[in-house]
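Quick notes on the structure that follows.
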Amino acid sequence: ECPVGTYKWHASNELCLKCPKYSYANGEGAEECTCENRYYRHKDDDRSLPCTRKSLMKLHIEYSPALL
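Using our numbering, the letters of the sequence shown correspond one by one to residues 46 to 113.
Quick look at the structure:
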């Protein structure tokens with residue numbers, strides 16, 4: 046079981062990973078980390094990515110070369 050502040054995706058012998066930037070795991074045995082207040086991670090994003098101020102979906106729309 047992983048300690049507070051770390052996670053692993055599923056029960057296994059893998060090492061626990063530290064929560065990405067701007068996220069946390071309050072309890073032991075977390076399968077993923079929760080983004081801090083006002084930070085976001087799109088549901089389809091890899092759980093190892095840091096949380097950002099804007100959802101990555103918005104960033105893709107705002108900065109897509111196809112829209113320029």
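Glycine included, every Cβ here is placed at the ideal spot set by N, Cα and C.
Original post:
From D89, Y85, G50, pick the residue whose C-alpha is nearest to that of C96; which is it?
Top reply: Start at 1 with the first residue of the sequence shown, and residue 96 comes out as number 51. The shortest Cα separation from C96 among D89, Y85, G50 belongs to Y85.
**OP:** Would you tell me roughly how many angstroms separate the C-alpha atoms of L94 and A75, rounded to the nearest one?
**Re:** Position 49 of the sequence shown, counted from the first residue, corresponds to residue 94. Position 30 of the sequence shown, counted from the first residue, corresponds to residue 75. Going from the Cα of L94 to the Cα of A75 covers about 16 Å.
**OP:** Measure the alpha-carbon distance for S68 versus L60 and round it to whole angstroms.
**Re:** Stepping through the sequence shown from its first residue, residue 68 is reached at position 23. Stepping through the sequence shown from its first residue, residue 60 is reached at position 15. When rounded, the distance between both Cα atoms is 18 Å.
**OP:** Just confirm the distance between the C-beta atoms of T51 and K66, as a whole number of angstroms; I'd bet it's less than 8 Å.
**Re:** As a position in the sequence shown, residue 51 is number 6, starting the count at 1. As a position in the sequence shown, residue 66 is number 21, starting the count at 1. Contact flag wrong, Cβ pair sits at about 14 Å.
**OP:** Go ahead and pull the three-state DSSP assignment for C78.
**Re:** For the purposes of this step, residue 78 is taken as residue 33 along the sequence shown, with counting starting at 1. The answer is coil: DSSP assigns C78 none of H, G, I, E or B.
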